[in-house]
Structure formats: structure tokens, C-alpha cells
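So that you can map any letter, position 157 of the sequence shown is 861 in the numbering used here, and since no number is skipped, the others follow by simple counting.
Structure first, commentary second.
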Amino acid sequence: MHLSPTVRSIAESATLLMARRCRELRAEGKDVIDLSLGEPDQDPPPFALEAARQALAENKWNKYPPVNGYLDVREAIAHKFQRDNGLTYRPEQIVVSTGAKQAIMNVIISLVGPGDEVVIPAPFWVSYAEQVRFTGATPVLVHSTLEEDYKAPIERIAAAITPRTRLLIFSSPCNPSGSVLTQAELEALAEVVRRWPDLYVISDEIYEHIVFDGQHRSFAALPGMLERTVTVNGIAKAFALTGWRIGYIGAPLWIAQAATKIQGQFTSGANGLAQRVTKACVEADPALLGGLRADFLRRRDLVLQALLKIPGWRCNRPQGAFYVLPDVSSSFNGVIRNSVDLSMHLLEHAGVSLVEGDSFGAKGTVRISYATSDDKIVAAIDRVARAVAQLG
Ligand code: GLU
């Protein structure tokens, strides 16, 4: 085996690893409840599937699409950014990709390389740090605690930025904590970014429609930030279309062009049919998503209530997305020494799949995705509570 230093230097995605283990155990006939993958269990809205059927019937979306996406799809996305986020992008500033994951990777490759630093407030979505490592740049993690609502204080973020820092990456609502930055917190961040003219920002807003109190705010809408920010979004979470694999960015033109160049060498344009579905999704009235949000709010309260049954576990109170990140360190003992051990123990002995928090930069935690049915949430936490009680 002659694996490259690159592949040896990056970890397998912790989220996808648990999804894989879960599938394997189910294939062996085991009963596993999956609270690991961030994947809405709801059906996609009928209009999205209708758009797919219509596009198939039209029989004209079968050839290579333009690398950055069909023009009318990019126009519709630009319109969505204006309507929902107050962001003015021209269609040439939009790039449509195979998932938000590829969209982010394109931008990271476009902006950083060896010697550069990328500041990532922790906890963060697992792939940010690995994608940065892939380029040879260094992820600089800025930790925060449950008591801080998993939001790194602004002074700590500011102190992590150096002349080598080229990029800051964050998500709000946050995967994995569900924390949502307030307008004042976003403004404080923008104030820090203004001090560093060569610093750019990836604002991952894939959970924008799953905010429980108040309204989602885009970082790029703050004064001076449109030219410094790449806004990431996609159709997976809000429209329950994870399998269609579409993410997109709005970015300064030069970054959109660089991302297009990178994508042209990796995958070319994103799947044509999926782009037609994307157009229907971004054109839909966001008011239609109220039902989905209400489902997640109910489930958040359900999971928080159920977790009270586990003595010693301490919980944050997420304001968005569909994750909760309890501190589970009270369950560690001589055998179960960390959250990786605990998540494997719970998978094998409780039949519940959760993701260890270490890979998200939150040691001593596990991430629970509550994007599943109420019954499964209650049954899963019940099983976890029993398995944890047996740890003594
Ligand atoms: N973003 C989802 C999650 O965090 C899907 C898996 C992944 O791509 O990481 O669970």
C-alpha cells in the first residue's frame, strides 16, 4: 500500500463513519436507532419531486451542465439570496456544487495552502478542519464550553487571528451545537474581520430555515462583509433532499471564478436533474417550511426532556438546526475513557448511533441528531439511559 501523505493526514468523516457502522450493523440484522446522521427523516415537499418528474419528462437535462450551474438556476439562487438574506449577488457570483461539502472544499482550495492558517471556532462541523488540512494549511481551533453556549467569545477568536490567517469558517445555526449567533455577536465578528484586510469568511448557512427564535441573519449582510464572505447554502436540510447532493455559494466574483475552476477539474457541473429540483426549492415561498421547523422544535424539546433521565449528562439548549451536544464526561470510567469509546459502547450495547464530539472539537460530548421520529427519539434515549446506568 502506498497511500499519499494527504490521505494519511486526514481522518474519515466522523459523521459518515457512524452512518456506515449503522448500515453495517443493520445489514447484520441488528436493531439500531440512528441519531448520528444529520438527515431530516421527513419526505421532501411534493413540489420538489414534481420538479424532478417534470425535468425528466422534458428530456433536455441529460448533457453536461455548465460547471458553475445552469444560468436560470443561478438566477433563481441569486433571487433567493436577495429575498431571504438581503444579499445582492449577480448570477456569475453563484456556483452550484455537489453538496455544500463540495462548495466549501472548492472555496478552501481556492483561498488557502501551506503556511496559511484558518480560524475555526469550535465546536465546528467535522469536515471543515479536515478540508483545511487537505490543502496543507493549518486549522486553528478556538474552543468554547457548554457554559458559553458553545459560542467562542469574540476576544478568544480575535486573539487567534494572525497575519497568516486567511480564512475564518463558522456555521450559524451551528452543526453540531445548534447554537445561533445573535445580531450583536455577528456584528462583533465583522468588527474583527474589518481589522484584517486579507481575511475572508465562509459563513455556512445550510440550517438557515431551522431557527427556533427570531430570524436567521446572514453574515455577508453586515457592512463591508459582502466582499469578504462566501455564503454557503443548499437544499439538503430545509427540503429533506440530502440524497440529491446540491449545495451552492454566493461569493465575491473572483472567488466564485476560482471555485468554478477547481470544480471544473474535480467533478464538472453538478447533476442536471438535481439542479432543476434546486430551482423549484429556491423559488418556493420559505413560509412553506414552517411545518418542518415546528417538527424540529417539538423534537428538540422532546430530546431535552428525555435527556434529563440521564444523571450527570449536561445539555445545551439549541436555538436552531437539529442537533444537541450534551457533555457526557460524567459517564467516563476506566474502560470508557472518552466520547469515542462511549459512542462505540452505545452503538454495540444500546443499539443507538450517536457521533462522538471530539471530531467536532468538543471533547467530552456526543452529538445527537434529532432529525428522526418522536418515537425513535424517545426509544433511543431510553436505551441510552439504561446503558449509561449500567456503566455504574
Ligand atoms: N452534514 C451532515 C452531518 O453533519 C451529514 C453528514 C456529513 O456530511 O457530515 O451529519
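Virtual Cβ for every residue (Gly too), placed ideally from N, Cα, C.
Check your understanding: In the structure shown, what three-state DSSP assignment does S875 receive?
Key -> As a working note, residue 875 is residue 171 in the sequence shown. Correct three-state label for S875: strand.
Review point. So is the beta-carbon of G742 under 7 angstroms away from any non-hydrogen atom of the ligand GLU?
Key: Mapped onto the sequence shown, residue 742 falls at position 38. G742 Cβ: within cutoff of the ligand GLU.
Check your understanding: Beta-carbon separation of I861 and P825 under 8 angstroms?
Key -> Numbered from 1 along the sequence shown, position 157 holds the residue referred to as residue 861. Numbered from 1 along the sequence shown, position 121 holds the residue referred to as residue 825. For I861 and P825, yes; Cβs fall inside 8 angstroms.
Exercise for review: Return helix, strand or coil for Y793, following the three-state DSSP convention.
Suggested key: Along the sequence shown, one-based indexing puts residue 793 at 89. Y793: coil per DSSP, three-state reduction.
Practice item. Please report how far the alpha carbon of G1016 lies from the alpha carbon of G882, in whole angstroms. Key: Mapped onto the sequence shown, residue 1016 falls at position 312. Mapped onto the sequence shown, residue 882 falls at position 178. Approximately 21 angstroms, taken between the alpha carbons.
Exercise for review: Measure how close the beta-carbons of F1026 and S1057 come, nearest whole angstrom, since I'm counting them as under 8 angstroms.
Suggested key: Locating residue 1026 in the sequence shown gives position 322, where the first residue counts as 1. Locating residue 1057 in the sequence shown gives position 353, where the first residue counts as 1. So it is not a contact: roughly 15 angstroms between Cβ atoms.
Review point. Between the C-alpha atoms of S922 and V1039, what's the straight-line distance to the nearest angstrom?
Key: Position 218 of the sequence shown, counted from the start, is the residue given in the question as residue 922. Position 335 of the sequence shown, counted from the start, is the residue given in the question as residue 1039. Those two C-alpha atoms are separated by around 44 angstroms.
Point to revise | Uninterrupted alpha helix (DSSP H) stretches inside the stretch 718-786 (no shorter than 4 residues) | key: 718-731, 750-762
Check your understanding: In terms of residue numbering, what span does the beta strand (DSSP E) encompassing P843 cover?
Key -> What you label residue 843 is simply residue 139 of the sequence shown in a count that begins at 1. Start and end: 842-846.
Practice item. Let me know the secondary structure DSSP gives N810 once reduced to three states. Key: Locating residue 810 in the sequence shown gives position 106, where the first residue counts as 1. Three-state result, N810: helix.
Review point. For the 8 angstroms Cβ check, are there 3 or more pairs between the stretch 790-802 and the stretch 948-955?
Key: yes
Review point. Would you say Q746 and A944 are within 8 angstroms of each other, going by their C-beta atoms?
Key: If you number the sequence shown from 1, residue 746 lands on position 42. If you number the sequence shown from 1, residue 944 lands on position 240. Yes. Within cutoff.
**Study point:** Every unbroken alpha helix (DSSP H) inside the stretch 1014-1092 [4 residues or more]
**Key:** 1043-1053
**Study point:** Proximity winner among S1047, R794, M809, relative to G1061 (alpha-carbon distances)
**Key:** Within the sequence shown, the letter at position 357 stands for residue 1061. Nearest of S1047, R794, M809 to G1061, Cα basis: S1047.
Review point. Taking the alpha-carbon positions, what's the K805 to S831 distance?
Key: Residue 805 sits at position 101 when you count from the first residue of the sequence shown. Residue 831 sits at position 127 when you count from the first residue of the sequence shown. If I take the Cα positions, the gap works out to 8 angstroms.
Practice item. Would you identify the three-state DSSP class for P927, choosing helix, strand or coil? Key: Translated into positions along the sequence shown, residue 927 becomes position 223. In this structure, P927 counts as coil in the three-state DSSP scheme.
Practice item. Could you check what DSSP says for I953 in three-state terms: helix, strand or coil? Key: Locating residue 953 in the sequence shown gives position 249, counting from the first residue. DSSP places I953 in strand when its eight states are reduced to three.
**Study point:** Coil, strand or helix - T802 by DSSP
**Key:** Here residue 802 refers to the residue found at position 98 when the sequence shown is read from its first residue. DSSP places T802 in coil when its eight states are reduced to three.
Exercise for review: Over the uninterrupted alpha helix (DSSP H) stretch that includes D999, give me the two end residues.
Suggested key: Locating residue 999 in the sequence shown gives position 295, counting from the first residue. D999 -> alpha helix (DSSP H) spans 994-1011.
Review point. So is M705 buried or exposed if we call it buried at 16+ other beta carbons inside 10 Å?
Key: Numbered from 1 along the sequence shown, position 1 holds the residue referred to as residue 705. Result: exposed.
Point to revise | Beta-carbon gap between D820 and R868 smaller than 8 angstroms | key: Counting from 1 along the sequence shown, the entry for residue 820 is found at position 116. Counting from 1 along the sequence shown, the entry for residue 868 is found at position 164. Contact: yes.
**Study point:** C-alpha distance - G817 paired with I865, whole-angstrom precision
**Key:** The residue you call residue 817 lines up with position 113 of the sequence shown. The residue you call residue 865 lines up with position 161 of the sequence shown. About 16 angstroms.
Exercise for review: Say whether the stretch 965-974 touches the stretch 743-763, bearing in mind that this needs 3 or more beta-carbon pairs closer than 8 angstroms, one atom from each stretch.
Suggested key: no
**Study point:** According to DSSP, residues forming a beta bridge with I824
**Key:** Walking along the sequence shown from the start, residue 824 turns up at place 120. DSSP lists L845 as partners of I824.
Point to revise | Segments of 3+ residues assigned as beta strand (DSSP E) that fall wholly inside the stretch 936-982 | key: 951-954
**Study point:** Closest by C-alpha distance to F1036, when choosing among H1049, L1029, P877, Q887
**Key:** Locating residue 1036 in the sequence shown gives position 332, where the first residue counts as 1. Minimum Cα distance to F1036 is reached at H1049.
Review point. Are the Cβ atoms of I737 and A1075 separated by less than 8 angstroms?
Key: On the sequence shown, position 33 is the one that residue 737 refers to. On the sequence shown, position 371 is the one that residue 1075 refers to. Their beta carbons are not under 8 angstroms apart, which means I737 does not touch A1075 by this criterion.
Check your understanding: If you follow the beta strand (DSSP E) that V905 is part of, which residue opens it and which one closes it?
Key -> Counting from one through the sequence shown, the residue named residue 905 turns up at place 201. 904-908 is the extent of the beta strand (DSSP E) around V905.
Point to revise | For T710, the three-state DSSP class (helix, strand or coil) | key: For this step, residue 710 is matched to residue 6 along the sequence shown. T710 falls in the helix class under three-state DSSP.
Check your understanding: Below 8 angstroms between beta carbons: does that hold for V793 and P827?
Key -> Counted from its first residue, the sequence shown places residue 793 at position 89. Counted from its first residue, the sequence shown places residue 827 at position 123. The displayed chain sequence assigns Tyr, not Val, to residue 793. No, they are not a contact pair.
Check your understanding: Using CA coordinates, which residue listed in I1081, D1079, G1055 is at the minimum distance from D735?
Key -> Counted from its first residue, the sequence shown places residue 735 at position 31. Nearest of I1081, D1079, G1055 to D735, Cα basis: G1055.
Exercise for review: Measure from the alpha carbon of V836 to the alpha carbon of each residue in R932, V846, V986, I873, then state which is nearest.
Suggested key: Position 132 of the sequence shown, counted from the first residue, corresponds to residue 836. The option with the nearest alpha carbon to V836 is I873.
Review point. If we ignore side chains and look at the alpha-carbon of each, how far apart do A974 and P770 end up?
Key: On the sequence shown, position 270 is the one that residue 974 refers to. On the sequence shown, position 66 is the one that residue 770 refers to. Taking the straight line joining both Cα atoms gives about 8 angstroms.
**Study point:** Limits of the unbroken alpha helix (DSSP H) element including S675
**Key:** No statement about residue 675 is possible, as the shown extent of the chain runs from 705 to 1096 and does not include it.
Exercise for review: Taking S1034 as the reference, give the member of V1044, R1018, D1045, P956 with the closest Cα.
Suggested key: Within the sequence shown, residue 1034 is the residue found at index 330, counting from 1. Nearest C-alpha to S1034: R1018.
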